[in-house]
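First the structure, in the form of structure tokens, and then the observations on it.
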Amino acid sequence: MQISISGKNMDTGDAFQEHAETALSSAVSKYFDNAISGSITLIKSTTGFETRVRVNLSRRIEMEAMGKAGDAHQSLDQAVEHIEKRLRRYKRRLKNHRADNDDTIPATMTYLEVQPDHELPEEASAPPVLAEMDYHVHLMTVEEAVMVLELSGQSALMFRNKAHMGLNMLHRRDDGSIGWVDPRGNR
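Numbers 19 to 205, taken from our numbering, label the letters of the sequence shown in order.
This is how it looks when you write it as structure tokens:
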């Protein structure tokens with residue numbers, strides 16, 4: 019995770035930067051392994067110090083926290099404690115959602131090799147594709163499926179749409195955006 023540490027109209031110093039990087043990376047890594055980036059901003063106010071922490075878990079999920087104290091290190095610790103609490107609640111919400119969602123339907127996917135009409139030269143032919151795997155199709159809304167896809171890091175997710183009980187699929191496109199396939203079309 020990339021962490022940027024800055025001070026507003028002040029120099030943060032090496033000790034603060036080292037403490038900030040260690041504290042934030044350990045707090046985030048407790049709950050999420052694939053956080054994208056984090057930023058810490060230290061602001062000196064008339065009453066003491068204010069620290070703002072922002073963590074980007076994915077492209078769409080961003081969390082913020084703030085801490086105020088008389089000492090810069092204490093305000094940082096307070097902000098990191100707040101962000102850790104938010105991460106813990108978010109992770110719990112994800113786990114509870116998955117545990118409560120026992121509306122799974124087993125599905126089997128089979129891939130078979132297509133036999134070409136003519137033989138290709140040996141160096142141009144690709145290895146045969148043959149795979150079979152079991153997959154549980156969960157019942158969820160499109161928003162929940164996007165959240166699961168973002169956090170799982172998979173390239174595709176098949177799910178049963180709660181709105182119409184039909185099978186849908188989400189996939190990560192080459193440009194990084196998410197594609198949604200609904201075979202029902204406009205009915």
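We treat Cβ as the ideally placed atom computed from N, Cα and C, and that holds for glycine.
Because the structure is a prediction, the values reported are computed rather than measured.
**Request:** Count the other CB atoms, across all protein chains shown, that sit within 10 Å of the CB of Asn114; report buried if there are 16 or more and exposed otherwise.
**Result:** It is exposed - the Cβ of Asn114 has fewer than 16 other Cβ atoms within 10 Å.
**Prompt:** Alpha carbon to alpha carbon, how far is Ala33 from Ile79?
**Reply:** Answer to the nearest angstrom: the Cα atoms are 30 Å apart.
**Request:** Compute the Euclidean distance between the alpha carbons of Met176 and Ser63, then round it to the nearest angstrom.
**Result:** Straight across, the Cα-Cα distance linking Met176 with Ser63 is about 50 Å.
**Request:** Kindly indicate the opening and closing residues of the beta strand (DSSP E) around Phe67.
**Result:** Residues Gly66 to Asn74.
**Message:** Please classify Gln96 as buried or exposed, where buried requires at least 16 other C-beta atoms within 10 Å of its C-beta.
**Reply:** That one is buried.
**Asked** Quick one: is the Cβ of Glu162 within less than 6 Å of any heavy atom of the ligand HEM?
**Response** Questions concerning the ligand HEM fall outside what the structure shown contains, since it holds no ligand whatsoever.
**Message:** In the DSSP assignment, the alpha helix (DSSP H) including Thr40 goes from what residue to what residue?
**Reply:** Boundaries of the alpha helix (DSSP H) harbouring Thr40: Asp32 to Tyr49, taken from the DSSP string.
**Request:** With a threshold of 16 other CB atoms inside 10 Å of the CB of Ala181, please say whether the residue is buried or exposed.
**Result:** Residue environment for Ala181: exposed (fewer than 16 other C-beta atoms within 10 angstroms of its C-beta).
**Contacts around Ile61, its chain only, beta-carbon distance under 6 Å, and the 5 residues preceding and following it disregarded** = Taken in chain order, the residues that qualify are Lys26 and Glu68.
**Message:** Looking at Leu188: is its Cβ nearer than 7 Å to the Cβ of Leu167?
**Reply:** Contact: yes.
**Message:** Quick check: the Cα distance between Glu82 and Gly194, rounded to an integer number of angstroms?
**Reply:** Looking at the two C-alpha atoms, the distance is approximately 24 Å.
**Prompt:** Can you name, in chain order, every residue of its own chain whose Cβ lies under 7 Å from the Cβ of Ser43, other than the five neighbours on each side?
**Reply:** Sequence-distant Cβ neighbours of Ser43 in its own chain, meaning closer than 7 Å and more than five residues away, are Met19 and Ile21.
**Message:** Using only the alpha-carbon positions, how far apart do Arg178 and Gly171 sit?
**Reply:** A direct Cα-Cα distance of roughly 19 Å separates Arg178 from Gly171.
**Item:** Nonlocal neighbours in the same chain, by C-beta distance under 8 Å from Ser55, ignoring five residues either side
**Value:** So the qualifying residues of the chain are Met19, Gln20, Ile21, Ser22, Val73 and Asn74.
**Request:** Using 10 angstroms around the beta-carbon of Ser24, count the other beta-carbons present and answer buried if the total reaches 16, otherwise exposed.
**Result:** Result: exposed.
**Asked** CA-CA distance, Thr59 and Ile196?
**Response** Those two C-alpha atoms are separated by around 31 Å.
**Message:** Just to confirm my understanding: we take Gly85, look at its own chain, exclude 5 residues before and 5 after, and list those with CB closer than 6 Å. What are they?
**Reply:** Closer than 6 Å at Cβ, skipping near neighbours: Thr69, Ser93, Gln96 and Ala97.
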